[in-house]
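Just below is one structure, and these are the notes that go with it.
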Amino acid sequence: MFDNFVIPDFLPAAPEIFLATMAMFILVVDLFVKDSRRTIVFVLTQLTLIACAAIQLYTSTGEITYTFSNMFVDDMMADLLKMFVYLTMIMVMFYSRAYLFERPNMNKGEFYVLALFATLGMLVMISANNFVTIYVGLELLSLSLYAMVAMNRDSLASTEAAMKYFVLGALASGMLLYGMSMIYGATGTLEITEIAESLYRGETNKTVLIFGLVFLVSGLAFKLGVVPFHMWIPDVYHGAPTPVTLLIGSAPKLAAFAIVMRLLVSGLITLSQDWQGMLIILSVLSMAIGNLAAIAQTNLKRMLAYSAISHMGFMLLGIVTGVVSGDARYALNAYSSAMFYVIAYVLMTMGAFGVILLMSRAGFEADQLDDYKGLNKRSPWFAFIMLMIMFSMAGVPFFIGFFAKFSVLQAVVAAGYLWLAIVAVLFSLIGAFYYLRVVKLMYFDAPEDETPISTGMDMRILISANGLAVAILGIFPQVIMSLCAYALLRSL
Amino acid sequence: MDFSTVVFFFLSAILIFAALRVITARNPVYAALHLMLAFFTTGGIWAMLQAEFLAIALIVVYVGAVMVLFLFVVMMLDINMDRIREGFWNYLPLGALLGLLMVLEMGLVLGSKYFQVPIAEAVVPAGVSNTKEIGALLVTDYVFPFELSAIILLVGMIAAVVLTFRGVKKSKISNPNQQVFVKAKDRMRVLQMPVEKD
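Going down the list, the protein sequences come from chains A and B.
Everything in the first sequence is counted per numbering that gives the first Met the number 0, starting at 0 for the first residue and increasing by one.
Everything in the second sequence is counted per numbering that gives the first Met the number 0, starting at 0 for the first residue and increasing by one.
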């Protein structure tokens with residue numbers, strides 16, 4: 000029975016194995032750590048993430064490597080995205096530290112352990128080459144996040160958000176799974192590379208495939224949070240404790256991008272005409288509803304949630320323009336612009352939620368727009384960082400957000416969808432209104448609250464670095480852009 | 000019509016009836032019991048398809064463990080069915096329309112010739128054990144998702160504990176040590192009050 004079985008090569012999955020082991024180790028260590036000495040758990044978590052990044056860097060070969068019976072793939076795209084996931088998670092943990100330590104009911108060891116397991120889920124999704132692996136990674140990520148949203152269990156808003164997230168997330172997983180099983184029915188395999196080959200040979204039943212594809216795209220749209228599957232985003236962003244919102248809004252977007260690439264681009268590229276049509280509708284709707292609804296918000300977290308919807312819609316534009324009527328000339332350009340967009344968005348959203356965390360203190364959340372009135376008078380430097388991030392999100396030239404939008408639009412125009420580019424620009428202009436309103440509140444209104452902002456040195460340094468990265472990478476966008484293009488060139 | 004077809008239709012009829020009762024029963028306990036019946040009959044149909052491992056797993060895991068827990072929960076909660084049913088008739092037309100659309104679409108796809116596997120191909124050769132094959136695959140080709148599923152269960156456990164555990168409860172048993180060493184001043188307060196005249 001086991002005659003032709005060879006022990007798989009563990010090296011490509013070394014960071015995942017290390018992370019899983021360390022997460023369980025920290026879970027046990029936490030049992031013996033007093034509540035007042037939670038810093039030990041925090042330090043261990045950060046060291047684990049740093050070590051994972053080191054292992055990733057050390058074991059990366061740049062070649063496409065399959066292991067675990069082709070369930071797991073390690074290529075340059077995975078390596079690059081994983082490095083950004085580690086970086087993001089390290090930043091998220093640093094930003095969350097002060098917030099958590101001021102609220103002892105939230106600052107449990109499980110917070111750190113669940114964050115590590117969520118990271119593991121993202122890594123598995125990024126490296127998946129099989130429907131089963133994608134699904135298992137997605138569930139690992141989602142389950143950890145559901146629990147983290149509900150962790151502030153005495154807050155009604157958090158509990159409601161967790162419930163909504165859980166029910167809608169389960170529904171989305173069900174749809175994704177149903178779509179996968181249909182595609183399995185049509186192709187007879189769960190492996191993404193084999194599906195691509197089977198479709199290329201063209202011996203599959205088209206009706207069953209399209210039927211499965213509809214469910215697959217709906218499930219993915221749920222996870223990305225694009226209209227009309229966006230209902231959970233505002234409530235979850237608003238209701239979840241801010242560190243968890245920061246986590247949900249940042250690193251998982253990288254993983255979601257990766258599974259879209261693996262499922263639609265690597266697996267179902269032969270059906271690109273069909274899914275591109277669906278994604279264009281989702282993308283235009285997201286940009287419209289995301290940007291228009293954000294104007295009406297008075298809560299900054301909720302506003303950023305609608306902004307996330309519109310940004311994900313914009314990112315999809317890069318994915319739909321890869322193949323134009325069977326011509327894949329611009330594919331590399333389009334997909335790398337989408338990848339650049341996701342990375343830039345994660346950087347910006349981290350900075351924005353970082354400022355919210357920085358402004359909040361014990362018993363005060365700083366999530367209303369009015370809390371930012373006159374921030375310039377209270378702390379000119381933090382106001383300036385927030386200004387840079389808001390300008391970047393709005394797409395004002397010479398910040399990273401501008402180049403992200405610019406490269407996606409370039410791909411859209413190159414693919415010949417001029418109307419789509421015009422629509423995208425129009426909605427970005429509408430979106431600029433609510434980003435600039437935050438700037439106006441900070442610089443031209445009188446502060447309502449004169450409490451000085453007190454933060455640790457690490458937080459000050461990191462938020463400054465984050466803000467400056469948004470500005471400096473805007474002057475040198477080629478750094479990340481060429482990394483994305485190179486990684487995709489070696490992977491596709 | 001041979002015997003297995005008769006058994007199939009018999010089980011299917013019970014399954015459909017039980018599934019309908021799950022959503023129409025007024026008493027939630029009856030609904031849960033009908034759900035168990037639905038699992039039993041599904042297990043029977045799977046056993047007829049020679050997927051004996053799945054059939055047994057369904058009955059052992061769902062009927063044996065999950066549903067019993069579920070029954071406990073349902074019995075302990077005071078569920079007001081009339082409040083849950085509020086607005087049922089308002090939502091019915093839209094829900095029925097969407098449901099009908101889905102059934103039609105699925106019927107169109109699943110009923111197509113593509114999924115009609117000839118009986119000859121669907122038979123498992125003699126001497127092959129379903130359970131053994133699944134076991135072997137789980138620890139060879141599928142070991143990566145298998146291990147990850149174990150981690151998912153761990154995360155589920157951590158989540159359940161962190162969301163419900165509220166610290167060790169102080170017991171109400173008296174401590175003899177403290178009782179022996181108690182002093183009068185711990186229990187009694189001597190107040191100095193001015194004497195009231197007349």
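C-beta atoms are modelled at their ideal positions from N, C-alpha and C, and glycine is treated no differently.
Grouping DSSP H, G and I as helix and E and B as strand, with all else coil, what is residue i?
{"i": "glutamate 202/A", "result": "coil"}
{"i": "alanine 414/A", "result": "coil"}
{"i": "valine 207/A", "result": "helix"}
{"i": "glutamate 190/A", "result": "strand"}
{"i": "asparagine 174/B", "result": "coil"}
{"i": "asparagine 290/A", "result": "helix"}
{"i": "arginine 360/A", "result": "strand"}
{"i": "alanine 125/B", "result": "coil"}
{"i": "asparagine 129/A", "result": "strand"}
{"i": "threonine 58/A", "result": "helix"}
{"i": "lysine 252/A", "result": "helix"}
{"i": "phenylalanine 16/B", "result": "helix"}
{"i": "glycine 455/A", "result": "coil"}
{"i": "proline 379/A", "result": "helix"}
{"i": "arginine 152/A", "result": "coil"}
{"i": "leucine 76/B", "result": "coil"}
{"i": "aspartate 8/A", "result": "coil"}
{"i": "arginine 165/B", "result": "coil"}
{"i": "glutamate 109/A", "result": "helix"}
{"i": "leucine 510/A", "result": "The displayed coordinates of chain A run from 0 to 491. Any statement about residue 510/A would go beyond what the structure contains."}
{"i": "leucine 48/B", "result": "coil"}
{"i": "leucine 311/A", "result": "For the record, residue 311/A in the displayed sequence is methionine; it is not leucine. Reduced to three states, the DSSP call for methionine 311/A is helix."}
{"i": "histidine 229/A", "result": "coil"}
{"i": "asparagine 332/A", "result": "helix"}
{"i": "asparagine 104/A", "result": "coil"}
{"i": "glycine 373/A", "result": "coil"}
{"i": "arginine 25/B", "result": "coil"}
{"i": "alanine 53/A", "result": "helix"}
On the DSSP bridge list, what partners appear for residue i?
{"i": "glutamine 367/A", "result": "Asn298/A"}
{"i": "tyrosine 145/A", "result": "Looking at the DSSP assignment, tyrosine 145/A forms no beta bridge with any residue, so it has no partner."}
{"i": "aspartate 73/A", "result": "Thr64/A"}
{"i": "aspartate 326/A", "result": "Val323/A"}
Determine, using beta carbons only, whether residue i and residue j come nearer to each other than 8 Å.
{"i": "threonine 203/A", "j": "serine 197/A", "result": "yes"}
{"i": "glutamate 109/A", "j": "glycine 238/A", "result": "no"}
{"i": "leucine 26/A", "j": "valine 112/A", "result": "yes"}
{"i": "serine 356/A", "j": "serine 95/A", "result": "Here residue 356/A is leucine; the residue named in the question, serine, does not match the sequence. Yes, Cβ-Cβ distance for leucine 356/A and serine 95/A is below 8 Å."}
{"i": "leucine 346/A", "j": "glycine 312/A", "result": "no"}
{"i": "valine 283/A", "j": "tyrosine 371/A", "result": "no"}
{"i": "glycine 178/A", "j": "leucine 137/A", "result": "no"}
{"i": "threonine 47/A", "j": "proline 11/A", "result": "no"}
{"i": "phenylalanine 7/B", "j": "glycine 184/A", "result": "no"}
{"i": "threonine 40/B", "j": "isoleucine 13/B", "result": "yes"}
{"i": "threonine 454/A", "j": "serine 359/A", "result": "no"}
{"i": "isoleucine 399/A", "j": "glycine 473/A", "result": "yes"}
{"i": "isoleucine 268/A", "j": "serine 285/A", "result": "no"}
CB-CB under 6 Å to residue i, same chain, minus the five flanking residues each way: which ones, in chain order?
{"i": "threonine 348/A", "result": "Gly248 and Ser249"}
{"i": "methionine 147/A", "result": "Leu113 and Val243"}
{"i": "leucine 419/A", "result": "Val411"}
{"i": "alanine 413/A", "result": "Tyr329"}
{"i": "methionine 75/A", "result": "Gly61, Ala486, Arg489 and Ser490"}
Leaving out five residues on either side along the sequence, give the residues of the same chain with a beta carbon under 8 Å from the beta carbon of residue i.
{"i": "serine 68/A", "result": "Pro7"}
{"i": "leucine 461/A", "result": "Met90, Phe93, Tyr94 and Gly353"}
{"i": "alanine 171/A", "result": "Ser217, Gly218, Phe221, Lys222 and Phe228"}
{"i": "phenylalanine 38/B", "result": "Leu57, Ile58, Tyr61, Val62 and Met66"}
{"i": "alanine 195/A", "result": "Ser265, Gly266, Leu267, Ile268 and Thr269"}
In chain order, what residues of the same chain lie with their CB nearer than 7 Å to the CB of residue i, ignoring the 5 residues before and after it?
{"i": "proline 251/A", "result": "Met121 and Leu140"}
{"i": "isoleucine 209/A", "result": "Asp273"}
{"i": "alanine 410/A", "result": "Gly317, Thr320, Tyr329, Asn332, Ala333 and Ser336"}
{"i": "alanine 541/A", "result": "Outside the modelled stretch of chain A, which goes from 0 to 491, sits residue 541/A, for which no answer is possible."}
Find the residues of chain C that neighbour residue i, judging by a C-beta separation of less than 7 Å, and give them in chain order.
{"i": "arginine 152/A", "result": "Annotation note: the requested chain C is absent from the structure, which comprises protein chains A and B."}
Three or more C-beta pairs below 8 Å linking the region 23 to 34 of chain A and the region 100 to 115 of chain A: yes
Touching by the beta-carbon criterion (3+ pairs, under 8 Å), the region 85 to 103 of chain A and the region 225 to 236 of chain A: no
Contact between the region 465 to 473 of chain A and the region 54 to 61 of chain A (3+ Cβ pairs under 8 Å): no
Three or more C-beta pairs below 8 Å linking the region 77 to 86 of chain B and the region 160 to 178 of chain A: no
Three-pair Cβ contact test at 8 Å for the region 482 to 490 of chain A versus the region 392 to 399 of chain A: no
Touch test, the region 472 to 488 of chain A against the region 6 to 18 of chain B, Cβ-Cβ under 8 Å, three pairs minimum: no
Stretch-stretch touch, CB-based, cutoff 8 Å, three pairs: the region 25 to 38 of chain B with the region 362 to 369 of chain A: no
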